[in-house]
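Here the structure comes first, spelled out in structure tokens, and everything after it is commentary.
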Amino acid sequence: MLEANKNWIHRHTTNARICHWIMVISFFYLLYSGIMIFLHFPELYWGKVGFQDYPAIFKLEDWGISWERAEELGDRRWGRNYHYTFAWVFVLNGLIYLIWNGWQKKFYSKMLPTRQELSIPHLKSEVKRHAKFRAAKGSAAAKYNVLQKLTYLIVLFVLFPFMIISGFAQMPAFTAISPELIDLFGGRQTARTLHVVCSLLLVLFVVVHLVQMVVAGALNQLRGMIIGKYKITQESNEVAQ
Amino acid sequence: MSKIRKHEKPEEFTLTRRKLISRFGALGGILLTGCDTQFYKPPINRGGLIGIADTLTMASQRMLMSNQQLVQEHDVSEITENFPVWNQSDPDDEEFQRLKAGNYVDWRLPITGLVNNPISLSLEDLKRMPNRTQTTMHICEQGWSAIAQWTGAPLLSVLQAAGGIKPEAKYIMIDAYGGWYEGYDMFDVVHPQTILAYGMNGKDLPLGNGAPVRLRVERHCGYKQLKFIKSIQVVSSVEGFGRGTGGLNSDFGFHWYAGA
């Protein structure tokens, strides 16, 4: 009887699913190797230059982890090797995702918020629903909600490119390739600091993403992202329960 | 103290492709073009996913640097006070200590291997050569950066003083006191800002920063900026040096190419 009230939909396309999981793996490695690199120089500076004994804007020491202890925990050789390796995996995977999906019309209707969705009353009701940790039901559950769309757009087209560009601005080769890029950040150390800040924003995104997944039903969401099938619970059923 | 000559005749290093080729031609007739794939890969591929990434990084950056554009030079007002001293600060080496005690008067830089006319240069010889002064940013792979002004003889001029390189030459291996050594390919050798620096911030190169002579190879991380230089050897293969990866840092597991 219950089954009758449930519909199966095809939630994510094959390419989106493959790219998603490759991204998960590379994101994990990038984060972990980034931490390994950071621990070998656990201070952040602002401007062009920065080194031990130079005024820092962040010191891990202030958080109870001494420089020596941090160095023990970190492994910059391993970190550098894997950071660049998975940066390439991440970038190429992202390009494949964008090219694969970019020419499909449904990608835009899936990702871009409609005018109605961007109206203040709708945004208000969505924020309220999220604040109450209530999952969308029925036809609304079959597509991304407006906050979800906006978040994905920011992550894909603001935070990810920012990570890549602020990474470039730290590379010695870019002092020849494009010193303008380094100047744009206001210096190499500022680029490094913002690289770390942006990575923290991405970690925040992942945490929220996982919480939302649990709210919306972890099993169903995971199934949707792994094999593509996603169960929609009808609204009438909600009343019956 | 400040024995560093003012630019007597600062060699003008505006870089046109033609000039570069003709310069390099004098080194042995090898053409250096932007799409010369021999400069896209390190001497030894590390294999696996890391090896693929190494090549992608090096090839893409070398392509973007194929005009041999100069790195950004900073204003002297931006020079960092208390430039950090990292790694070796005073090599624990008998010969080096003897040279240091004699104020490096007996220091000699042999340039051997695949050169047409092997020579050995004293510090004074080096200072008599055309020199270049550049205020650049030093970027350490660990994360720090600092700005200093370096004065030295372009590596290319030094090799030309040794009669130029033979056609089969591919790498130059530089040995340093204290056991460090590092290899470089010709793409870096011909870059005008690649210099054997004997001066820093208008003074003789301080001990902690690699006296009497260190390398500045500006498009790389700090670990390629070899200090306490002992000898230069031009080779066709990096085999036989250390573990055969082309440098002590890559022997330790760092990427041979340090532009990223």
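Going line by line, the protein sequences match chains A and B. The first sequence: position 136 = 1000 (the working numbering), numbered continuously. The second sequence: position 132 = 866 (the working numbering), numbered continuously. All C-beta atoms, glycine included, are put in the ideal place defined by N, C-alpha and C.
Between the CA atoms of residue j and residue i - distance to the nearest angstrom
{"i": "I882 of chain A", "j": "N957 of chain A", "result": "9 Å"}
{"i": "Q1012 of chain A", "j": "T949 of chain A", "result": "30 Å"}
{"i": "E815 of chain B", "j": "T870 of chain B", "result": "14 Å"}
{"i": "S983 of chain A", "j": "I963 of chain A", "result": "30 Å"}
{"i": "V839 of chain B", "j": "P946 of chain B", "result": "10 Å"}
{"i": "D985 of chain B", "j": "G976 of chain B", "result": "7 Å"}
{"i": "T878 of chain A", "j": "E812 of chain B", "result": "53 Å"}
{"i": "N851 of chain B", "j": "V924 of chain B", "result": "19 Å"}
{"i": "K900 of chain B", "j": "V972 of chain B", "result": "16 Å"}
{"i": "M920 of chain B", "j": "I960 of chain A", "result": "35 Å"}
{"i": "V1060 of chain A", "j": "M900 of chain A", "result": "12 Å"}
{"i": "L939 of chain B", "j": "H884 of chain A", "result": "52 Å"}
{"i": "Q1034 of chain A", "j": "C955 of chain B", "result": "10 Å"}
{"i": "W910 of chain A", "j": "A920 of chain A", "result": "7 Å"}
{"i": "G898 of chain A", "j": "Q803 of chain B", "result": "30 Å"}
{"i": "Q1098 of chain A", "j": "R1087 of chain A", "result": "18 Å"}
{"i": "T791 of chain B", "j": "W990 of chain B", "result": "11 Å"}
{"i": "A760 of chain B", "j": "G877 of chain B", "result": "Model confidence at A760 of chain B stands at a pLDDT of 45, short of 50, so the residue's coordinates are unreliable; what they give is reported in the following sentence. About 38 Å."}
{"i": "F864 of chain B", "j": "A793 of chain B", "result": "It is Pro, not Phe, that sits at residue 864 of chain B in the sequence shown. Taking the straight line from one Cα to the other gives about 32 Å."}
{"i": "V1067 of chain A", "j": "K970 of chain A", "result": "28 Å"}
{"i": "F830 of chain B", "j": "T979 of chain B", "result": "26 Å"}
{"i": "T867 of chain B", "j": "W942 of chain A", "result": "36 Å"}
{"i": "A880 of chain A", "j": "G1092 of chain A", "result": "10 Å"}
{"i": "L1048 of chain A", "j": "E828 of chain B", "result": "48 Å"}
{"i": "G928 of chain A", "j": "E935 of chain A", "result": "14 Å"}
{"i": "N965 of chain A", "j": "S973 of chain A", "result": "12 Å"}
{"i": "L1083 of chain A", "j": "L1074 of chain A", "result": "12 Å"}
{"i": "F1038 of chain A", "j": "E932 of chain A", "result": "31 Å"}
{"i": "F1069 of chain A", "j": "S970 of chain B", "result": "51 Å"}
{"i": "W820 of chain B", "j": "P906 of chain A", "result": "16 Å"}
{"i": "I1090 of chain A", "j": "F922 of chain A", "result": "40 Å"}
Residue-chain proximity (residue i, chain B), Cβ-Cβ < 7 Å
{"i": "V913 of chain A", "result": "yes"}
{"i": "M1178 of chain A", "result": "A query on residue 1178 of chain A cannot be resolved here, the shown segment of chain A reaching from 865 to 1105 and no further."}
{"i": "H904 of chain A", "result": "yes"}
{"i": "R941 of chain A", "result": "yes"}
{"i": "N957 of chain A", "result": "no"}
{"i": "R1052 of chain A", "result": "yes"}
8 Å Cβ cut-off: residues of chain B touching residue i
{"i": "T1039 of chain A", "result": "V805, Q806, T870, M871, I873, E952 and R953"}
{"i": "K944 of chain A", "result": "Strictly speaking, residue 944 of chain A in this sequence is Arg, with Lys absent from that position. Within 8 Å Cβ-Cβ: E875, F988 and H989."}
Interface flag, residue i vs chain A, CB-CB below 7 Å
{"i": "G785 of chain B", "result": "no"}
{"i": "W990 of chain B", "result": "no"}
{"i": "G993 of chain B", "result": "yes"}
{"i": "G877 of chain B", "result": "yes"}
{"i": "Q822 of chain B", "result": "no"}
{"i": "Q959 of chain B", "result": "no"}
Contacts of residue i in chain A (Cβ-Cβ under 9 Å)
{"i": "I881 of chain B", "result": "K912 and V913"}
Contact list for residue i against chain A, beta-carbon separation under 7 Å
{"i": "T814 of chain B", "result": "V913"}
{"i": "M799 of chain B", "result": "A1037, A1040 and I1041"}
{"i": "P818 of chain B", "result": "F915 and Q916"}
Neighbouring residues, chain B, relative to residue i (Cβ below 9 Å)
{"i": "Y948 of chain A", "result": "I784, A787, D788, L790, T791, H989 and A994"}
Integer-rounded CB distance, given that residue j should sit under 8 Å from residue i
{"i": "R1056 of chain A", "j": "L908 of chain A", "result": "7 Å"}
{"i": "N935 of chain B", "j": "A882 of chain B", "result": "6 Å"}
{"i": "I929 of chain B", "j": "R1052 of chain A", "result": "Actually they do not touch by this definition, with Cβ atoms about 21 Å apart."}
{"i": "K958 of chain B", "j": "A992 of chain B", "result": "5 Å"}
{"i": "V1010 of chain A", "j": "H986 of chain A", "result": "7 Å"}
{"i": "P777 of chain B", "j": "G917 of chain B", "result": "7 Å"}
{"i": "Y915 of chain B", "j": "I908 of chain B", "result": "6 Å"}
{"i": "N945 of chain A", "j": "I786 of chain B", "result": "That pair is no contact at about 12 Å."}
{"i": "L833 of chain B", "j": "L860 of chain B", "result": "That pair is no contact at about 14 Å."}
{"i": "A896 of chain B", "j": "I845 of chain B", "result": "4 Å"}
Neighbouring residues, chain B, relative to residue i (Cβ below 7 Å)
{"i": "W952 of chain A", "result": "A787 and L790"}
{"i": "R1056 of chain A", "result": "G877"}
Amino acids of chain A, ordered along the chain, whose beta-carbon sits closer than 8 Å to that of residue i
{"i": "Q795 of chain B", "result": "M1035, A1037 and I1041"}
Cβ of residue i within 7 Å of any chain E Cβ
{"i": "F997 of chain A", "result": "The chain inventory of the structure shown lacks chain E, comprising the protein chains A and B."}
Runs of alpha helix (DSSP H) wholly within the region 932-981 of chain A (minimum 4 residues, chain order): 940-966 and 969-975
What are the complete alpha helix (DSSP H) segments, minimum 4 residues, inside the region 787-824 of chain B? none
Only counting runs of 4 or more residues, tell me where the alpha helix (DSSP H) segments fall wholly within the region 832-872 of chain B, in order along the chain. Runs found: 857-862.
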